[in-house]
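**Q**
Protein chains in written order, with the working numbering: chain D, 7 to 584; chain F, 2 to 441.
(1) Following the continuous alpha helix (DSSP H) through residue 1/F, name the residue where it begins and the one where it ends.
(2) Indicate whether the contact test is met: 3 or more Cβ pairs, each with one atom in the segment 169 to 186 of chain D and one in the segment 223 to 243 of chain D, closer than 8 Å.
(3) Name, in chain order, the residues that DSSP records as bridge partners for residue 58/F.
(4) Enumerated in chain order, which unbroken segments of the alpha helix (DSSP H) with a length of 4 residues or greater are wholly contained in the segment 139 to 204 of chain D?
(5) Can you tell me whether residue 520/D is helix, strand or coil according to DSSP?
(6) Just to make sure I have the definition right: I need the residues of chain F whose C-beta is within less than 9 Å of the C-beta of residue 537/D. Which are they?
(7) Would residue 303/F pass as an interface residue toward chain D - the criterion being a Cβ-Cβ separation below 7 Å?
(8) Answer yes or no: does any C-beta atom of chain D fall closer than 7 Å to that of residue 206/F?
(9) Roughly how many angstroms separate the alpha carbons of residue 148/D and residue 106/F, rounded to a whole number?
(10) When the Cα atoms are used, what is the spatial distance from residue 237/F to residue 351/D?
(11) Candidates 382/F, 431/F, 432/F: which alpha carbon is nearest residue 421/F's?
(12) Establish whether the CB of residue 142/D and some CB of chain F are separated by less than 7 Å.
(13) Would residue 81/D and residue 248/D be called neighbours here (beta carbons separated by less than 7 Å)?
(14) Using 8 Å for Cβ pairs, my map puts residue 533/D next to residue 551/D. What's the rounded Cβ distance?
(15) Is residue 434/F helix, strand or coil by DSSP?
(16) Report yes or no: is there a C-beta of chain F within less than 7 Å of the C-beta of residue 244/D?
(17) Could one say the Cβ of residue 406/D lies closer than 7 Å to chain F's Cβ atoms, at least one of them?
(18) Whose C-alpha, out of 75/D, 214/D, 253/D, 332/D, is nearest the C-alpha of residue 128/D?
(19) Span of the alpha helix (DSSP H) holding residue 489/D?
(20) Does any CB atom of chain D fall closer than 7 Å to the CB of residue 324/F?
(21) Give the single residue among 175/D, 339/D, 375/D whose Cα lies nearest to the Cα of residue 95/D.
(22) Quick one: residues in its chain with C-beta nearer than 8 Å to the C-beta of residue 258/D, no 5 flanking neighbours on either side, listed in chain order?
(23) Closer than 8 Å, Cβ to Cβ, to anything on chain F: give me those residues from the segment 259 to 281 of chain D, in chain order.
(24) Along the segment 509 to 531 of chain D, where does the CB come closer than 7 Å to a CB of chain F? Name the residues.
(25) Please identify, using Cβ separations under 8 Å, the residues of the segment 323 to 345 of chain D that lie next to chain F, in order along the chain.
(26) Alpha carbon to alpha carbon, how far is residue 47/D from residue 378/D? Give it in angstroms, no decimals.
(27) In terms of DSSP beta bridges, what is residue 111/D paired with?
(28) If you compare alpha carbons, which of 25/F, 418/F, 121/F, 54/F is closest to residue 337/F?
(29) The alpha helix (DSSP H) spanning residue 255/F covers which residue range?
(30) Would you please verify whether the beta carbon of residue 245/F is less than 7 Å from any beta carbon of chain D?
(31) Taking only beta-carbon atoms, is residue 403/F less than 7 Å away from chain D?
(32) List, in chain order, every chain D residue whose beta-carbon is nearer than 9 Å to that of residue 130/F.
(33) Would residue 544/D pass as an interface residue toward chain F - the criterion being a Cβ-Cβ separation below 7 Å?
(34) When the Cβ atoms of the segment 57 to 64 of chain F are set against those of the segment 104 to 120 of chain F, are three or more pairs found closer than 8 Å?
(35) Give the secondary structure of residue 100/F by DSSP, where H, G and I count as helix, E and B as strand, and everything else as coil.
(36) Determine, using beta carbons only, whether residue 66/D comes closer than 7 Å to chain F.
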């Protein structure tokens, strides 16, 4: 599909057919302009600065300087190391879970679904603080281990901590993609293999896993990209020798002119694009399509008593560990003092009072920015989906392709690109700098979350048969009216899913926020949480604000789900997107 | 479409509102935590109705970059941070504005250090000393005695329980290291710093990571600036703080930024921060900083340290010119031989501690000699005191504009330090192990 998009992009200028209306073309141009200004130009600016020699020429010397600094070399390898290990650990958690649910008759489906939604409602850096208190050197688990058995496990030492937090946070991406992939495998494949004598591990290794490979790789690539991009977790865990923190620290402390920060950014983009490309390549290179569809995946089996114990045991363990950061943050937000002890000494509601007194504005800001971003996302995504599936406007697939690319642009990089591209530009009539205003934050969220909304809207429109629109048009409804009265209502579920996922993920985004927030008055909650966590007395209020963020997102999701009701499987859509 | 219109309309309203308020807004760039800025913001807004205080919080070096890069038309008004170096940098780039806003009740000197900038670019707003902070539960669980002096931290018992941040990343840590170097002398000072480094569990990247780790029990003992320890204690954490005898008390400063958008408001805020009302805010348990106005201590809770009472005796006359002249050398040396070689240094220190424990009470001249050699290798600074005073050597580091040759010289030197340190530590561990093997 991607190669098609690229080809149509290239051919767009040549092939000018007149089977589209002017208004459709105008919408396409408008969206293209938005993407060019707020996605393509900033990214190209970053790439350009990394290669510019200052006199208008192109040079590789910044790359040379970058790799001659041992700190940068170390950051580069550490980032790769953390990315790969996070994927490995996430795989270790996700694969058995996916296999259990798909392969066996098993009552854990609801649990697995819960696991899929959990990471979306809390940013990993918030969880990281709680993880220190639970799994750290003197955390609850190690204190108990030390007391009972006389040894400690260095879960959170150095980069281990980052890997542990990220793997726990992002493994659902692999889990969800794998479950979908496994469900699509034709059971006759498995039966044939069994007839030929394969069973157990061999059956899994030779038949099931290769067939599920595309789903797995898509999930794994997403995990890698997310981990590579994450700025908050390493900063909260005090690990700055990674690319994202280095890019952030160089640009914020040395200055917007420092080329090393841009080189770090370019390397991050390349690594993310490579991961994205790899996932597409594995899907394209081999044809795993099965002939028969409609079968409900692999034949389910009953678990033997021993297997039952093992499976539920594993799920209980994973669930306990995954819920640990949530529980830890809840405890921290209620704790008076929690230091070198298994549980807090005493409890209080004071931190919530502090948050409501000092930071109600941040809650409002999050609502405003994410509301704007999610609304724009759904409007744009809906338009692109319609252009792609219902019209022949040239370049429509290029829009899809460009939006997908946004998935691989790290938030830090987009933030740096914005600061550089829009520096010195003032907002008319106010004299305020664009880079110092919150508008860029909202627009940045819009661009970053557009891929999610788009996939959701495309899926919704694909399921809508075109005959419904034709019927409306036959009855005399003009195009505009058809869209507003038929298409939009029928797509409501998908659009709402897009809105929710954009809103949720924007609400917990920190990488770009940290680059773009210039004053506390304009800061959203994610920044506020980070800011609170920078002082001894701020840990409680920071955790309280984190819990409020989780509640807002959770309540919002629940309400919109109720609003649309059974008309659309919103939760399913969200999980598929994730 | 209607949605977009609504969004645009609301955006326009918000922008308009922002424009209307632009004249009455005071902007402060600061490295201080929210606990402190929020208290001052609320107090100042209450005192001068109609004025909004906007806080831009950034790290010290990020704050400098921000002031430097802000366009002339919208410069922030006030710079407020701990490290005096930061103000020197800004003053030298003409980014600060002189004005007479001194509170006459504030003494001219603390110890031998001027509280206000002699040239009038910035004013001391609070005092800060450096010291040791520890988690009482952690020490109790590990059966460790509470430390009193920097020198205590080199003891084998504290191996793996100490934390410090890298001076290159944290201005306050740089002052701590510089204080030790000035108090003990270059060679002896570095020896102590290296031995403490060998006992650390971690060299953190930010100064707050140390008190944070001590608060939640990740580390036993941390080298911190006083308010980190005092505020944590006041917030209820099971921690204690002590000033060692080799300490320096220096001011945390506040200054007016050149071409500030609202200079008059800025002056008002500085006057407020230096007044009795503003100084009293520092006693808030969450802030716990030392006021520069001696009268304020009358309303301090019992046990609050008072640097004017003569109880804290700073032995070191902090020499800020010396500190500035070798700023980059000290930071780079620390990074190359301690931060980036932490693993090897800790291994060597552990081997030396183990060998020393085994040799204790036994007479083995050869083993003792090997151990002494190991100590010499592991804990001697790579740069001699003489070299550290060499003008040419220092300018190599302090030059801001670096051509390709200079950059190469510099990275070559750093690479040399790094590899030499590594070699020394590995060798020292070997020697210590040999010495230990001799008395088996």
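Built from N, CA and C at the ideal position, the CB exists for glycine as well.
Predicted, not measured: the structure shown is a model, and the values here were computed from it.
**A** Based on what the coordinates show:
(1) Any answer about residue 1/F is impossible in this case: the structure gives chain F only from 2 up to 441.
(2) yes
(3) 31/F
(4) Inside the segment 139 to 204 of chain D, DSSP marks whole alpha helix (DSSP H) runs of 4 or more residues at positions 146 to 155, 165 to 189, 193 to 201, from first to last along the chain.
(5) It is helical.
(6) 34, 35, 58
(7) Chain D, which has no Cβ nearer than 7 Å to the Cβ of residue 303/F, makes this no.
(8) Interface residue, yes.
(9) 52 Å
(10) Those two C-alpha atoms are separated by around 10 Å.
(11) 382/F
(12) For residue 142/D, a Cβ of chain F is located within less than 7 Å of the residue's own Cβ.
(13) yes
(14) Not confirmed; about 10 Å, so no contact.
(15) helix
(16) yes
(17) no
(18) 332/D
(19) Neither: residue 489/D is in no alpha helix (DSSP H) and is coded neither H nor E.
(20) no
(21) When each option's Cα is compared against that of residue 95/D, the closest is 175/D.
(22) Excluding positions up to five away in sequence, the list reads 521.
(23) 259, 260, 261, 262
(24) For the segment 509 to 531 of chain D, the set of residues with a beta-carbon nearer than 7 Å to any beta-carbon of chain F comprises 524, 525, 526, 527, in chain order.
(25) Those would be 342, 343, 344, 345, in chain order.
(26) 22 Å
(27) Bridge partners of residue 111/D: none, in fact.
(28) 418/F
(29) Looking at the DSSP string, residue 255/F is not in any alpha helix (DSSP H); the run it does join, the beta strand (DSSP E), is 250 to 257.
(30) no
(31) For residue 403/F, the pLDDT reaches just 49, beneath the cut-off of 50, and the residue's location in the model is therefore unreliable, although a value from the coordinates is still provided. No, its Cβ sits nowhere closer than 7 Å to a Cβ of chain D.
(32) Ordered by position in chain D, no residue passes the 9 Å Cβ test against residue 130/F, which lies about 18 Å from the chain.
(33) So, interface residue.
(34) no
(35) In this structure, residue 100/F counts as coil in the three-state DSSP scheme.
(36) no
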